[in-house]
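Enquirer: Note that the sequence shown covers residues 0 to 533 in numbering that gives the first Met the number 0.
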Amino acid sequence: MRRRNSDFRRPVRRRFSNVFWLTLCGLAVLLLIILLSRETRDSSSRLVYTKRPYRHDRIADGLNITEEMLRPESMTRQINDQISLAKAILVIAKESNNLQFAWELSAQIRNLQMLLSNAASRRSPLTNGESESAIRDMALLLYQAQQLHYDSATMFMRLKAKIQSLEEQANSFSEKSSKYGQIAAEEVPKSLYCLGVRLTAEWFRSSNLQKNLKEEKQAAAKLVDTGLYHFCVFSDNILATSVVVNSTAMNSKNPDMVVFHLVTDEVNYAAMKAWFTMNSFRGVTVVVQKIEEFSWLNASYVPVLKQLQDSDTQNYYFSGNHDNSRTPIKFRNPKYLSMLNHLRFYIPEVFPALKKVVFLDDDVVVQKDLSALFTTDLNGNVNGAVETCMETFHRYHKYLNYSHPLIRQHFDPDACGWAFGMNVFDLVEWRKRNVTGIYHYWQEKNVDRTLWKLGTLPPGLLTFYGLTEALNPSWHVLGFGYTSVDSKLIEKGAVLHFNGNSKPWLKIGIEKYKPLWDKYVDYSHPLLQQCNFH
Numbered sequence: 000m001r002r003r004n005s006d007f008r009r010p011v012r013r014r015f016s017n018v019f020w021l022t023l024c025g026l027a028v029l030l031l032i033i034l035l036s037r038e039t040r041d042s043s044s045r046l047v048y049t050k051r052p053y054r055h056d057r058i059a060d061g062l063n064i065t066e067e068m069l070r071p072e073s074m075t076r077q078i079n080d081q082i083s084l085a086k087a088i089l090v091i092a093k094e095s096n097n098l099q100f101a102w103e104l105s106a107q108i109r110n111l112q113m114l115l116s117n118a119a120s121r122r123s124p125l126t127n128g129e130s131e132s133a134i135r136d137m138a139l140l141l142y143q144a145q146q147l148h149y150d151s152a153t154m155f156m157r158l159k160a161k162i163q164s165l166e167e168q169a170n171s172f173s174e175k176s177s178k179y180g181q182i183a184a185e186e187v188p189k190s191l192y193c194l195g196v197r198l199t200a201e202w203f204r205s206s207n208l209q210k211n212l213k214e215e216k217q218a219a220a221k222l223v224d225t226g227l228y229h230f231c232v233f234s235d236n237i238l239a240t241s242v243v244v245n246s247t248a249m250n251s252k253n254p255d256m257v258v259f260h261l262v263t264d265e266v267n268y269a270a271m272k273a274w275f276t277m278n279s280f281r282g283v284t285v286v287v288q289k290i291e292e293f294s295w296l297n298a299s300y301v302p303v304l305k306q307l308q309d310s311d312t313q314n315y316y317f318s319g320n321h322d323n324s325r326t327p328i329k330f331r332n333p334k335y336l337s338m339l340n341h342l343r344f345y346i347p348e349v350f351p352a353l354k355k356v357v358f359l360d361d362d363v364v365v366q367k368d369l370s371a372l373f374t375t376d377l378n379g380n381v382n383g384a385v386e387t388c389m390e391t392f393h394r395y396h397k398y399l400n401y402s403h404p405l406i407r408q409h410f411d412p413d414a415c416g417w418a419f420g421m422n423v424f425d426l427v428e429w430r431k432r433n434v435t436g437i438y439h440y441w442q443e444k445n446v447d448r449t450l451w452k453l454g455t456l457p458p459g460l461l462t463f464y465g466l467t468e469a470l471n472p473s474w475h476v477l478g479f480g481y482t483s484v485d486s487k488l489i490e491k492g493a494v495l496h497f498n499g500n501s502k503p504w505l506k507i508g509i510e511k512y513k514p515l516w517d518k519y520v521d522y523s524h525p526l527l528q529q530c531n532f533h
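1) Need the endpoints of the beta strand (DSSP E) that cysteine 231 sits in, please.
2) Give me, in chain order, the residues of the same chain whose beta-carbon lies closer than 6 Å to that of glutamate 428; leave out the 5 immediate sequence neighbours on both sides.
3) In the structure shown, what three-state DSSP assignment does lysine 502 receive?
4) How would you label aspartate 255, buried or exposed, when you count the other beta carbons within 10 angstroms and need 16 or more for buried?
5) Quick check: the Cα distance between glutamine 536 and valine 446, rounded to an integer number of angstroms?
6) Let me know the beta strand (DSSP E) ranges lying completely inside the segment 485-530, each 3 residues or longer, listed in chain order.
7) I'd like to know whether the C-beta atoms of glutamine 529 and valine 303 end up nearer to each other than 8 Å.
8) Grouping DSSP H, G and I as helix and E and B as strand, with all else coil, what is arginine 135?
9) Can you tell me whether tyrosine 401 is buried or exposed? The criterion is at least 16 other CB atoms within 10 Å of its CB, across all chains shown.
10) Give me, in chain order, the residues of the same chain whose beta-carbon lies closer than 7 Å to that of aspartate 361; leave out the 5 immediate sequence neighbours on both sides.
11) For tyrosine 522, which residues in the same chain have their Cβ closer than 8 Å to its Cβ, ignoring the five residues on either side in sequence?
12) How would you call glutamate 468, buried or exposed, if buried means at least 16 neighbouring beta carbons within 10 angstroms?
13) May I ask you to report which of helix, strand or coil DSSP gives histidine 260?
14) Can you have a look at serine 130 and say buried or exposed, based on whether 16 or more other CB atoms are within 10 angstroms of its CB?
15) Is it the case that the Cβ atoms of phenylalanine 463 and glycine 480 are separated by a distance below 8 Å?
16) Which residue comes first and which comes last in the alpha helix (DSSP H) that contains glutamine 77?
17) Arginine 394 bridges to which residues according to DSSP?
18) In terms of alpha-carbon separation, which member of Val423, Asp411, Trp20 lies closest to aspartate 376?
19) Taking DSSP as the reference, what is the three-state secondary structure of lysine 354?
20) Just checking, does the segment 197-208 make contact with the segment 270-285 on the three C-beta pairs under 8 Å criterion?
21) Would you check if the distance between the CB atom of alanine 133 and the CB atom of leucine 114 is smaller than 8 Å?
22) Do alanine 92 and tyrosine 149 have their beta-carbon atoms positioned less than 8 Å apart in this structure?
23) Going straight from the alpha carbon of isoleucine 78 to that of glutamate 94, what length do you get?
24) Do you know whose CA, among Tyr345, Asp309, Val363, lies nearest serine 246's CA?
25) Specify whether the segment 411-418 and the segment 366-375 touch according to this definition: at least 3 beta carbon pairs, one from each stretch, less than 8 Å apart.
26) Please report how far the alpha carbon of methionine 137 lies from the alpha carbon of serine 483, in whole angstroms.
27) Does the beta-carbon of isoleucine 534 have 16 or more other beta-carbons within 10 angstroms, so that it is buried, or is it exposed?
28) Helix, strand or coil for lysine 252, going by three-state DSSP, please let me know.
29) Between the alpha carbons of glutamate 386 and aspartate 411, how many angstroms are there, rounded?
30) Return yes when the Cβ of threonine 284 is within less than 8 Å of the Cβ of lysine 221, no when it is not.
31) Can you name, in chain order, every residue of its own chain whose Cβ lies under 7 Å from the Cβ of glutamate 103, other than the five neighbours on each side?
32) Name the DSSP bridge partner or partners of glutamate 386?
33) Identify, in the order they occur along the chain, each residue of the same chain with its Cβ nearer than 7 Å to the Cβ of asparagine 378, setting aside the five sequence neighbours on each side.
34) Quick check on this structure: which residue in Asn433, Glu292, Glu510 has the alpha carbon closest to the alpha carbon of methionine 338?
35) State the start and end residues of the unbroken beta strand (DSSP E) segment that holds alanine 469.
36) Along the alpha helix (DSSP H) that carries lysine 431, what are the first and last residues, could you check?
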C-alpha cells in the first residue's frame with residue numbers, strides 16, 4: 000500500500016490542542032460561577048445575621064423585658080417562670096380541694112413577687128444569694144405538685160371527666176324534668192276532682208235535675224237532624240268540655256242550630272250530666288252519653304281492647320318495667336289506650352244517623368263561628384283537617400317507623416302531616432270506604448308497637464292516608480300548650496288548640512295564653528268557688 004503525501008495527512012496534533020483549550024476554558028467558567036455563588040450566599044447570611052439583633056430588640060420592647068433577663072444565668076427570668084407555673088398549679092390544687100398545698104403555694108408566690116418588687120425598686124438585678132433560697136423552696140413545691148400529678152395532662156383528663164359528669168347530670172335533670180312535667184300534665188287538679196264529686200252528689204240528690212231529662216227527650220229530634228250543626232267531644236274533663244261548648248255557643252251566629260254530642264265514662268257520667276243540665280249555653284243542645292252504653296265496643300271487635308288483655312301490653316303501659324325504663328314516660332302513658340281517645344275512629348257507629356260532624360278535642364277554644372265547616376267541600380275525602388307540614392318535623396317520617404317494610408311500602412315519608420283536634424268528617428264517605436276497617440288493620444299490625452309508639456295521630460295518619468282534604472290553616476291554630484304562637488295567627492284563628500302538656504287548667508299552663516281559655520269559664524259559679532277555682 001502506498002503512503003499518502005504529507006499534504007493529505009490528518010492534522011492530529013492541531014485537533015488535540017483545540018479540545019484541550021476548550022476544556023480548560025469550560026473549567027474556568029465553572030470555577031467562576033462557583034465563586035460568585037459563594038459570595039452571594041455569604042452576603043445573604045451576613046444580612047440575616049445583621050437583621051437578628053434588630054428583630055430581638057423589637058421583641059424585647061414588646062415584652063417589656065430587661066437585658067438582665069436575657070442572660071442565661073438570669074435569676075429574674077427563672078423566678079418569673081416559676082411564678083407562672085405555680086399559678087397554673089394553684090388552680091389545679093384548688094380544683095382538687097387540696098387547700099393546704101394551695102395555701103403554701105400562694106405564700107411562696109407572694110415571696111417571689113416580693114423579691115422581684117424589691118429588685119425593681121432599687122434598680123439592680125437579683126443576686127444569687129438573695130434569690131437562691133426562694134427559688135429552691137419554690138422548686139420543692141413544684142416537685143411536690145409533680146408527685147401529686149398536678150400537671151396539664153392530668154388536669155386535662157380531670158376536666159374531661161368533669162365535663163362528662165356534668166353532661167350526665169344535665170341529661171338526668173332533663174329526663175327528670177320531662178318525667179315530672181308529664182306527671183304534672185296527667186294529674187287531676189284537686190279543684191277539678193272536687194267539682195266532679197260535688198256534681199255527682201248534686202245529681203243524685205236533686206230531683207229537679209232528673210226532671211230536666213224530660214226536656215232532653217223532647218230535644219231528641221235534634222240529635223238526628225242532619226240539617227243542624229253537629230259537634231262531638233269525647234272527654235272525662237268536665238270543665239274543659241264546658242269551655243269547648245261555651246266558646247262555640249258564644250261565637251255561633253245560630254246557637255239554636257248547634258248540637259253537641261258528649262261522650263264520657265261511667266265515673267264522670269253523672270257529674271257531666273249534672274253540669275250540662277244545670278247550665279244553659281245560649282240555646283245550644285247538649286246530650287251526654289257514656290261509653291259503656293256502646294255494647295259493640297268489646298275486645299272481639301276493637302283491637303285496642305284486645306291488646307289491653309295482653310300481659311306484655313299491660314306491663315309496658317302500666318308497670319313501666321318492660322324495657323328497663325329505656326322508653327320515655329310519655330310513650331307509656333295509659334291514656335293512649337283509653338277508649339275515649341280511640342273513639343274518634345268509630346264516629347259513624349256512635350252516630351249512625353248523622354252524615355257530617357265536626358270533631359273537637361277538649362283542650363280547644365272556639366273563637367269564630369264554625370257553621371261554614373259544614374258546607375265545606377271535601378272533594379270526596381273523608382277527613383277535613385289543617386296540615387302541619389310547614390316544618391320538616393311534621394311530615395310522616397316524624398311519626399312512623401320507616402325502618403319497617405310495611406310503612407316503607409305504603410307511605411311517602413315526606414307526606415304532609417295534619418292535626419287532630421278540629422276535624423270535619425264526612426260520615427257517608429267514611430262508611431262507603433270502610434275507614435274503621437282500615438284503622439283496625441293497622442292497629443292489629445302494631446300489636447308489638449313497631450310501626451309507631453305514641454298516641455292516636457300515627458294510626459290516624461295511616462287510616463286517613465289519601466283521604467284527607469287540607470283546610471285553611473286559620474280554622475285550626477295549634478301550639479298553645481307548649482310553644483309561642485304568632486299574635487296574628489291568634490287573631491285570625493277560629494279554633495285555638497292547647498296541645499301539649501301545658502293545659503290552661505293546670506298550674507303549668509302558659510300564663511300569657513290562659514286568658515284565652517279563662518274568659519269562657521264563669522268563676523263566679525257557686526260550685527267553682529266552693530272548689531277554689533280561680
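Think of the CB as a built atom: it goes at the ideal place given N, C-alpha and C, for glycine as much as any other residue. Model, not experiment: these values are computed from the prediction.
Expert: This is what the structure gives:
1) 228-233
2) Val381
3) coil
4) exposed
5) This structure gives no information on residue 536, because the portion of the chain shown stretches from 0 to 533.
6) 494-496
7) no
8) helix
9) exposed
10) Val232, Ser234, Asn236, Ala239, Thr240, Val243
11) Gln528, Phe532, His533
12) buried
13) strand
14) buried
15) no
16) 74-94
17) Cys415
18) Val423
19) coil
20) yes
21) yes
22) yes
23) 24 Å
24) Val363
25) no
26) 60 Å
27) Outside the shown range of the chain, which is 0 to 533, sits residue 534, and nothing can be said about it.
28) coil
29) 15 Å
30) yes
31) Leu140
32) Trp417
33) Glu468
34) Glu292
35) 467-469
36) 426-432
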